[in-house]
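> If you scroll down you'll find the structure; I have some questions about it.
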Amino acid sequence: MAHSPEEIADLEKKADVIRRNIFRIFESSNLGHCGGTMSLVEIVTALYFHHLKIDPNNCDWPERDKVVLSKAHAAEALYAVLPEIGYVSKDNLDKYYSFRSPFQGHADRWCTPGIDYSGGSLGQGLSFAAGMAMAEKVETTINPPAMPVAQGFLPRLIVKFSPAYRVFAIIGDGECNEGQIWEAAMFAAKYKLDNLICIVDYNKFCLDGPVDQIMPIAPLDQKFKAFGWWVKEIDGHNVRELVDTFDLVNNLYGDGLPKCIIAHTVKGHGVPVWETTHMHSGRAEAISIAVKEGRKIYG
Amino acid sequence: MVKFNKYVKIGQPAATTPGAEAAMVKVAQKYPRSVAILEDGGALALDWFKANAPNRIIECGIAEANGAVIAAGMAAQGYMPFLYSFTFAVIERAYNQIRQSILVDRFNVKITGRDGVWGEMGISHDIVEGIGCTRVLPNLVIINAADVVETEKAFIAMADYVGPVYFRMEYTAPTPLRIFTDDYPFEIGKAYMIKDGKDATIIATGYLVTEAIRAVDILEKDGIDVGILDMSTLKPLDEDAIIKAAKKTRAIVTAENGTVIGGLGEGVAGVLSRNMPAALVTVGVEDEFSQSARLSPEKDELKDLFGLGARDIAISVKECISKREKMGLIRK
């Protein structure tokens, strides 16, 4: 079902709230991975405020959809979302990078409600997400759901119309240089993990420069397809395209294919100085100039 | 006649792998969410899994980095994954994956590694550094059982413990003696005094406990009464047992199937120098790699090359006692 323009406009407004939360994080810390965080804003907004099955009152709900942020240096994008859902209080936005803060430098499952994966060492998140998706598959075979069986027929397949939970892995484009991403890609295809959705934040830049110069990964869609995945390329800043794609993926459940959404994004999206200078994980001065610029646009 | 403590009855050599296999079957039956994660290196009780729970066999192929993190992801959902392969593969090829994706969140993953200097396959597979490279990792328990009885009991204890464990198996070492009786109460983190002795204490782990027992006979002929402490848990080390032994004899010999650098030898040295200075001699591999050796007598030659046999331990005990006399340390 198509989403109304109002619905999309609401989500776009929500994305601006997330951006303002991110600015608040940077204002207090003057540190952070700004570029890779800003490129994720619409993706996390569409996920958390439109698509994910979550219970705001119960972070530990076993059937909650999981989000594995493999590029955990962009944890600020999730930190900006978590207070809006209600998993943590909003004053934590001023405690990023602080001692004993739930908002650690890299996403940390141990101390932050709603964070599913402690990342930071790149290339591992897709495997972790595949492990979680695998657990959901094995669970069905250990505890098969009771099914009415017509007389004279033997149940040949355990039919499931929706998984208990789905796992979303958000990986970076530079991260696709890691061999382990492709180990996980083979694994997910082998075990038909159609409850696993990998979102590539294809923002075209690494720390050292453009991805296509550092270590080219194109054509990424063909690579995932060759590994046996369902692939779709979208504009990662277009909220309508994001929600439509998530809905589509939802309807494809049961086809036995892991899903890869290649989201074309702009590193530092929304703040011109970040978009043009590529000061993506800059330090104090550069950050404060950029945040001021962002505040002028988004308030 | 050598007098051993309770729960010890020295028998014929018995391979440890059947103990681990039997334990794995019991564990797999007890915990329906235990899964075997394979990395093209087989698994313990694989036949049982094939016959009874094929859905709990997860084959990752030759991709150890992925295998370790798949295990972590399943553990995050309440599963108890068992990884099994050579230590160089299951641990070292996935070292940061184990650190970041398993240990940081203390996921309930059990890693069994085929470790130790003895093996047929040469320098790549015969690992000297297995203890050292894992002892430095926070949140990880390390177990190295001495015989078939302890292997079975320790393996079950590992499953009952909630958290990551490295279970070191020296499957290509010479076959160890049967040491313990069936009612031996194994406990993680507790070393067991196999034999008391007033002149010196050998602190050994894994297969080297067998060599230590053989060293007792050699030393007895010279009138030396030596104790043996089985350090089956390498992390956390049983500091109380080490301090107690050091207080009694002030002469400690450690013995391990691997390099003493970062291994049991240095672990015990740290405990001693912090708590109870004692004369110390470390038996183990020095700063070098291993090589191929087929069945005995070639394995005995490898034993002699690294100085890991009963005779070497006996010589080390004598050296340690004379060291103690030179240092003027008094037994309490």
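Protein chains in written order, with my numbering: chain A, -18 to 280; chain B, 1298 to 1629. Virtual Cβ for every residue (Gly too), placed ideally from N, Cα, C.
By Cβ distance, which residues of its chain are closer than 7 Å to A/K206, with the 5 residues on each side in sequence left out?
Within the same chain, A/K206 has close Cβ partners V212.
> In chain order, what residues of the same chain have a beta carbon less than 7 Å from the beta carbon of B/E1356, not counting five sequence neighbours either side?
Around B/E1356: L1335.
> I want to see whether chain B comes within less than 8 Å of A/V224, judged by CB atoms only; does it?
Judged by the 8 Å Cβ criterion, A/V224 is not in contact with chain B.
> State the beta-bridge partners of A/W163 as determined by DSSP.
In DSSP, A/W163 forms no bridge with anything.
> If I follow the unbroken beta strand (DSSP E) through B/L1474, where does it start and stop?
Per DSSP, B/L1474 belongs to no beta strand (DSSP E) and is neither H nor E.
> Are the C-beta atoms of A/M19 and some chain B residue less than 8 Å apart?
Chain B, which has no Cβ nearer than 8 Å to the Cβ of A/M19, makes this no.
> With a Cβ-Cβ cutoff of 8 Å, do A/G100 and A/A170 count as a contact?
Cβ distance not < 8 Å, so A/G100 and A/A170 don't count as in contact.
> Assuming B/T1502 and B/F1464 are in contact, meaning their beta carbons sit under 8 Å apart, how far apart are those beta carbons, in whole angstroms?
Their Cβ separation, rounded to whole angstroms, is 13 Å, which puts B/T1502 and B/F1464 out of contact at 8 Å.
> Going along chain A, which residues have a C-beta under 7 Å from B/S1398?
Chain A residues near B/S1398: Q105, F109.
> Under the DSSP definition of a beta bridge, which residues are partnered with A/W211?
The partner list for A/W211 (beta bridge, DSSP) reads A/K240.
> Please confirm whether B/Y1376 has its beta-carbon closer than 8 Å to some beta-carbon of chain A.
Interface residue, yes.
> Between B/A1548 and chain A, is the shortest Cβ-Cβ distance under 8 Å, so that the two count as touching?
So no, B/A1548 is outside the interface.
> Is there a Cβ of chain B sitting closer than 8 Å to that of A/W42, yes or no?
A/W42 does not count as touching chain B.
> From the DSSP output, in three-state form, read off B/E1361 for me.
In the structure shown, B/E1361 sits in a helix (DSSP, three-state: H, G or I).
> Can you tell me which of the three DSSP states A/R221 falls into?
In this structure, A/R221 counts as helix in the three-state DSSP scheme.
> Can you tell me the Cα-Cα spacing of A/I180 and A/S(-15), whole angstroms?
Taking the straight line from one Cα to the other gives about 24 Å.
> Below 8 Å on the Cβ atoms is my guess for B/G1316 versus B/T1448; work out the distance and round it to an integer in Å.
That belief holds up - the Cβ atoms of B/G1316 and B/T1448 are roughly 4 Å apart, short of 8 Å.
> Below 6 Å CB to CB, which residues in the same chain sit around A/R5 once its five sequence neighbours on both sides are set aside?
Excluding positions up to five away in sequence, the list reads L74.
> Residues in its own chain within less than 8 Å of A/L138 by CB, not counting five upstream and five downstream?
The pLDDT assigned to A/L138 is 48, lower than 50, so where the model puts this residue is not dependable, and the model offers no usable value.
> State the start and end residues of the unbroken beta strand (DSSP E) segment that holds B/T1409.
B/T1409 -> beta strand (DSSP E) spans 1407 to 1411.
> Which residue's Cα is closest to the Cα of A/A166: B/I1612, B/N1363, B/F1379, B/G1339?
Closest by alpha carbon: B/N1363.
> Of the residues B/A1391, B/D1537, B/P1473, B/I1549, which one's Cα is nearest the Cα of B/R1628?
Nearest C-alpha to B/R1628: B/I1549.
> If we cut at 8 Å on Cβ distances, does A/Q85 have a partner in chain B?
For A/Q85, the answer is no, since every Cβ of chain B falls outside 8 Å of its Cβ.
> Can you tell me whether DSSP reads A/R137 as helix, strand or coil?
The pLDDT assigned to A/R137 is 46, lower than 50, so where the model puts this residue is not dependable, and the model offers no usable value.
> Give me the chain B residues within the contact set of A/A116, using Cβ-Cβ distance strictly less than 9 Å, ordered along the chain.
Within 9 Å Cβ-Cβ: R1330, V1332, G1370, M1371, A1372, A1373, Q1374, G1375, Y1376.
> Please report whether the beta-carbon of B/T1313 lies at a distance below 8 Å from any beta-carbon of chain A.
No, B/T1313 lies away from the interface with chain A (no Cβ there is under 8 Å from its Cβ).
> What does B/V1366 reach in chain A if we use C-beta pairs closer than 7 Å?
The answer, in chain order, is Q105, S108, F109, G112.
> Quick one: does A/G209 have its CB under 8 Å from some CB of chain B?
Cβ-Cβ to chain B under 8 Å: no for A/G209.
> Compare the C-beta of A/A165 with all C-beta atoms of chain B and state if any pair is closer than 8 Å.
Closer than 8 Å: yes.
> Using the beta-carbon count (16 or more within 10 Å), is A/E266 buried or exposed?
By the neighbour-count rule (16 or more Cβ atoms within 10 Å), A/E266 is not buried but exposed.
> Would you mind stating whether A/E57 and A/I3 have Cβ atoms separated by less than 8 Å?
Taking 8 Å as the Cβ cut-off, A/E57 and A/I3 qualify as a contacting pair.
> If the cut is a Cβ gap below 7 Å, which residues of chain B does A/F168 touch?
In chain order: C1357, N1363, I1367.
> Counting Cβ pairs, one atom from each stretch, are 3 or more of them under 8 Å apart for the segment 1322 to 1333 of chain B and the segment 1527 to 1535 of chain B?
Too few Cβ pairs lie closer than 8 Å, so no.
> Does A/G280 pass the burial test, meaning 16 or more other C-beta atoms within 10 Å, or should it be called exposed?
A/G280 is exposed by the Cβ-count criterion.
> Give the residues of chain B in contact with A/T246, contact being defined as C-beta atoms less than 9 Å apart.
Chain B residues near A/T246: none, gap ~25 Å exceeds 9 Å.
> Leaving aside the five residues before and after B/I1359 along the sequence, list all residues of the same chain whose C-beta is less than 7 Å from its C-beta, in chain order.
Cβ within range, chain order: E1336, D1337.
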